[in-house]
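Engineer: If you read the sequences in order, they're chains L and F.
For reference, each letter of the first sequence is one residue, going 1 to 203 in UniProt numbering.
For reference, each letter of the second sequence is one residue, going 1 to 203 in UniProt numbering.
2 protein chains.
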Amino acid sequence: MALPGPFERLIGLLKRLPGVGEKSARRMAFFVFQAPEGYSIELADAFLSLKKNLSVCEICGNLTDRQPCNICSDPLRDRSTLCVVEGIEDLLSIEQAGVYDGLYYVLGGTVSPLDGEDLPEGSLDGLINMIERGRVSEVIVATNPRVEGDMTYHAVLSALKGMSDLKKSRLSYGLPVGGSIEFADRVTLHAAMETRIFVSGED
Amino acid sequence: MALPGPFERLIGLLKRLPGVGEKSARRMAFFVFQAPEGYSIELADAFLSLKKNLSVCEICGNLTDRQPCNICSDPLRDRSTLCVVEGIEDLLSIEQAGVYDGLYYVLGGTVSPLDGEDLPEGSLDGLINMIERGRVSEVIVATNPRVEGDMTYHAVLSALKGMSDLKKSRLSYGLPVGGSIEFADRVTLHAAMETRIFVSGED
Ligand SMILES: [Zn+2]
Ligand SMILES: [Zn+2]
Numbered sequence: 001m002a003l004p005g006p007f008e009r010l011i012g013l014l015k016r017l018p019g020v021g022e023k024s025a026r027r028m029a030f031f032v033f034q035a036p037e038g039y040s041i042e043l044a045d046a047f048l049s050l051k052k053n054l055s056v057c058e059i060c061g062n063l064t065d066r067q068p069c070n071i072c073s074d075p076l077r078d079r080s081t082l083c084v085v086e087g088i089e090d091l092l093s094i095e096q097a098g099v100y101d102g103l104y105y106v107l108g109g110t111v112s113p114l115d116g117e118d119l120p121e122g123s124l125d126g127l128i129n130m131i132e133r134g135r136v137s138e139v140i141v142a143t144n145p146r147v148e149g150d151m152t153y154h155a156v157l158s159a160l161k162g163m164s165d166l167k168k169s170r171l172s173y174g175l176p177v178g179g180s181i182e183f184a185d186r187v188t189l190h191a192a193m194e195t196r197i198f199v200s201g202e203d
Numbered sequence: 001m002a003l004p005g006p007f008e009r010l011i012g013l014l015k016r017l018p019g020v021g022e023k024s025a026r027r028m029a030f031f032v033f034q035a036p037e038g039y040s041i042e043l044a045d046a047f048l049s050l051k052k053n054l055s056v057c058e059i060c061g062n063l064t065d066r067q068p069c070n071i072c073s074d075p076l077r078d079r080s081t082l083c084v085v086e087g088i089e090d091l092l093s094i095e096q097a098g099v100y101d102g103l104y105y106v107l108g109g110t111v112s113p114l115d116g117e118d119l120p121e122g123s124l125d126g127l128i129n130m131i132e133r134g135r136v137s138e139v140i141v142a143t144n145p146r147v148e149g150d151m152t153y154h155a156v157l158s159a160l161k162g163m164s165d166l167k168k169s170r171l172s173y174g175l176p177v178g179g180s181i182e183f184a185d186r187v188t189l190h191a192a193m194e195t196r197i198f199v200s201g202e203d
């Protein structure tokens with residue numbers, strides 16, 4: 001039997017979401033069908049509002065509904081420390097863990113050895129801009145513990161090579177190697193932040 | 001940090017869905033933010049359309065966008081067999097498994113011994129209606145293998161007590177095919193032992 005069209009259609013769309021398979025999409029659609037109509041109306045509106053009202057911070061690349069973002073404009077954050085991450089997901093995970101109160105810079109990608117791809121065009125310019133215009137004294141390179149992350153770490157370091165007053169560090173490998181920051185638990189993230197390795201010279 | 005309002009709002013709504021926690025809601029919202037706008041527009045519309053265009057079949061209780069539903073109006077289905085299920089989820093699972101081609105009747109609930117609750121008002125009337133108006137010769141009571149399901153099974157049976165020409169059956173309980181004795185719980189093992197199949201001759 002084909003399920004009714006509106007049901008199949010919603011399931012098809014839900015299955016595109018990360019981590020959602022046929023069965024869970026079906027359960028979700030069914031839940032929505034049984035919930036009060038207000039819930040679908042709110043959900044529909046929230047999806048539309050996400051694309052309409054959210055953008056990317058022009059300074060740091062964070063997800064935001066204003067320019068600059070909450071973090072860049074927060075006077076209570078430590079403006080001497082800059083944490084460089086691959087993507088917004090990583091920034092969100094570190095924020096959720098509550099283990100860091102400096103600024104961020106989102107690269108928006110990694111060096112990709114297999115595709116022969118470099119960091120996204122201009123992504124290091126924005127980083128250097130933040131360092132030069134601000135009063136950053138330490139850059140923590142918080143890339144993921146994978147080949148791409150390591151290569152990205154080295155690409156960032158080499159872009160900062162001339163800045164000898166700048167402390168450079170990376171997260172320590174308390175992170176499960178082969179895993180990702182996004183799925184790390186709070187304690188692991190905290191440990192990785194605490195035991196970050198300071199980098200001297202040309203490493 | 002509080003995440004931007006539109007992001008938090010969507011996450012809050014997504015977390016109400018079955019099987020969706022904080023992290024997966026965040027990943028979903030983030031996916032939607034990064035996907036082309038057409039996706040959120042489609043998704044929003046699909047949620048609204050679900051409530052607008054779907055209802056419950058007036059004959060059998062199935063989810064449908066027409067009256068009567070696909071199954072009730074399908075001339076190729078075996079109209080002599082009626083499968084009674086607790087809820088639409090069960091109907092959908094049996095349909096997806098493709099192991100049955102008769103009609104259904106959805107009770108829309110179970111007998112609930114702890115709450116002292118009976119089957120939903122009038123749900124047995126609809127069942128008797130289907131049997132009397134149709135040419136049903138067998139009723140399969142496919143309730144879930146739990147206390148509620150068993151009590152519901154007995155409630156259905158006693159409602160059909162007068163109909164002596166009608167065959168009545170229930171799904172067999174036993175080991176899940178592909179599963180193992182090692183991991184089967186005690187109750188399942190007991191059921192599998194009690195309803196063991198006697199083998200005659202050379203089989
Ligand atoms: Zn920012
Ligand atoms: Zn029907």
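For each residue, glycine too, the CB sits at the ideal point set by N, CA and C.
Strictly under 8 Å for the Cβ-Cβ distance: is R9 of chain F near chain L by that measure?
Structural biologist: So, interface residue.
Engineer: Looking only at its own chain, which residues have a Cβ that is under 7 Å from the Cβ of L160 of chain F, when we skip the five neighbours before and after it?
Structural biologist: Taken in chain order, the residues that qualify are V139, L166, K168.
Engineer: Rounded to whole angstroms, how far is the Cβ of S93 of chain L from the Cβ of E194 of chain L, which I believe are closer than 8 Å?
Structural biologist: Rounded, the Cβ-Cβ distance is 16 Å, inconsistent with contact.
Engineer: So is G98 of chain L buried or exposed if we call it buried at 16+ other beta carbons inside 10 Å?
Structural biologist: Classification for G98 of chain L: exposed.
Engineer: What is the residue span of the beta strand (DSSP E) that T81 of chain L lies within?
Structural biologist: Counting along the chain, the beta strand (DSSP E) containing T81 of chain L begins and ends at 78-85.
Engineer: Thinking G61 of chain F and V106 of chain F are a contact (beta carbons under 8 Å), I'd like their distance in whole angstroms, please.
Structural biologist: G61 of chain F to V106 of chain F, Cβ: 3 Å. Contact.
Engineer: In chain order, what are the residues with a CB under 6 Å from some non-hydrogen atom of ligand 2?
Structural biologist: Ordered along the chain, the selected set is F:C57, F:I59, F:C60, F:N62, F:P68, F:C69, F:I71, F:C72.
Engineer: Near A142 of chain F, what residues of its chain come up, given a Cβ to Cβ distance below 6 Å and the 5 sequence neighbours on each side ignored?
Structural biologist: Result list for A142 of chain F: C83, V85, L171, in chain order.
Engineer: Output the distance between the C-alpha atoms of S73 of chain F and E42 of chain F, rounded to the nearest integer angstrom.
Structural biologist: Taking the straight line from one Cα to the other gives about 30 Å.
Engineer: Can you find the residues in the same chain that come closer than 8 Å, C-beta to C-beta, to D203 of chain F, ignoring five residues on each side of it along the sequence?
Structural biologist: Low confidence applies to D203 of chain F: its pLDDT is 40, below 50, so where it sits in the model is not reliable, and the reading given next is rough at best. Counting only Cβ-Cβ distances below 8 Å, and skipping sequence neighbours, we find nothing.
Engineer: Of the residues that make up the stretch 43-55 of chain F, which ones have a beta carbon closer than 9 Å to any beta carbon in chain L?
Structural biologist: For the stretch 43-55 of chain F, which is checked against every Cβ of chain L, the residues closer than 9 Å are L43, A44, D45, A46, F47, L48, S49, L50, K51, K52, N53, L54.
Engineer: Using the three-state DSSP reduction, which class does residue 250 of chain L fall into: helix, strand or coil?
Structural biologist: A query on residue 250 of chain L cannot be resolved here, the shown segment of chain L reaching from 1 to 203 and no further.
Engineer: Please report the straight-line C-alpha distance between L17 of chain F and I11 of chain F, rounded to a whole angstrom.
Structural biologist: Cα to Cα, the separation comes out at about 10 Å.
Engineer: Considering A97 of chain F, what are the terminal residues of the alpha helix (DSSP H) in which it resides?
Structural biologist: Unbroken alpha helix (DSSP H) run through A97 of chain F: 88-97.
Engineer: By Cβ distance below 8 Å, which residues in the same chain neighbour R79 of chain L in space, the five residues on each side in sequence not counted?
Structural biologist: For R79 of chain L, where only same-chain residues beyond five positions count, the Cβ hits under 8 Å are G102, L103, G134, R135, V136.
Engineer: In chain F, what lies closer than 8 Å to A192 of chain L by C-beta?
Structural biologist: Simply none; closest approach about 18 Å.
Engineer: For my contact list, A44 of chain L and A44 of chain F are in at a C-beta cut-off of 8 Å; report their separation, rounded to the angstrom.
Structural biologist: Their Cβ separation, rounded to whole angstroms, is 4 Å, which keeps A44 of chain L and A44 of chain F in contact under 8 Å.
Engineer: Once you ignore the five residues that flank G21 of chain F on each side, which residues in its own chain have a CB closer than 8 Å to its CB?
Structural biologist: Closer than 8 Å at the Cβ level, and outside the excluded window around G21 of chain F, lie K15.
Engineer: Per the DSSP calculation, S169 of chain L is bridged to which residue(s)?
Structural biologist: S169 of chain L is bridged to L:I140, L:F198.
Engineer: Thinking just about the alpha-carbon of each residue, which of F:T152, F:S24, F:A35 is nearest to the one in L13 of chain L?
Structural biologist: Nearest option by C-alpha distance: F:A35.
Engineer: Which residues in the same chain as H190 of chain L place their Cβ atom closer than 6 Å to its Cβ, once the five residues preceding and following it in sequence are excluded?
Structural biologist: Only V99 meet the Cβ criterion.
Engineer: I need the DSSP call for V111 of chain F, collapsed to helix, strand or coil.
Structural biologist: Coil.
Engineer: Drop a sphere of 10 angstroms on the beta-carbon of D90 of chain L, count the other beta-carbons inside from all chains shown, and report buried for 16 or more, exposed for fewer.
Structural biologist: With 16 or more Cβ atoms within 10 Å of its Cβ, D90 of chain L is classed as buried.
Engineer: Which residues in chain L sit within 8 Å of S24 of chain F, going by Cβ to Cβ distance?
Structural biologist: What S24 of chain F touches in chain L: P18, G19.
Engineer: What residues of chain F sit near L63 of chain L, judged by a beta carbon separation below 9 Å?
Structural biologist: Within 9 Å Cβ-Cβ: L3, P4, F7, F30, F33.
Engineer: CB of I41 of chain F to nearest heavy atom of ligand 3: below 7 Å?
Structural biologist: This structure lacks ligand 3; its bound ligands are ligand 1 and ligand 2.
Engineer: Closer than 8 Å, CB to CB, is S112 of chain L near chain F or not?
Structural biologist: No, no contact with chain F.
Engineer: Using the DSSP secondary-structure output, state which residues sit across from V156 of chain L in a beta bridge.
Structural biologist: Looking at the DSSP assignment, V156 of chain L forms no beta bridge with any residue, so it has no partner.
Engineer: Tell me where the alpha helix (DSSP H) around L10 of chain L begins and ends.
Structural biologist: Start and end: 5-14.
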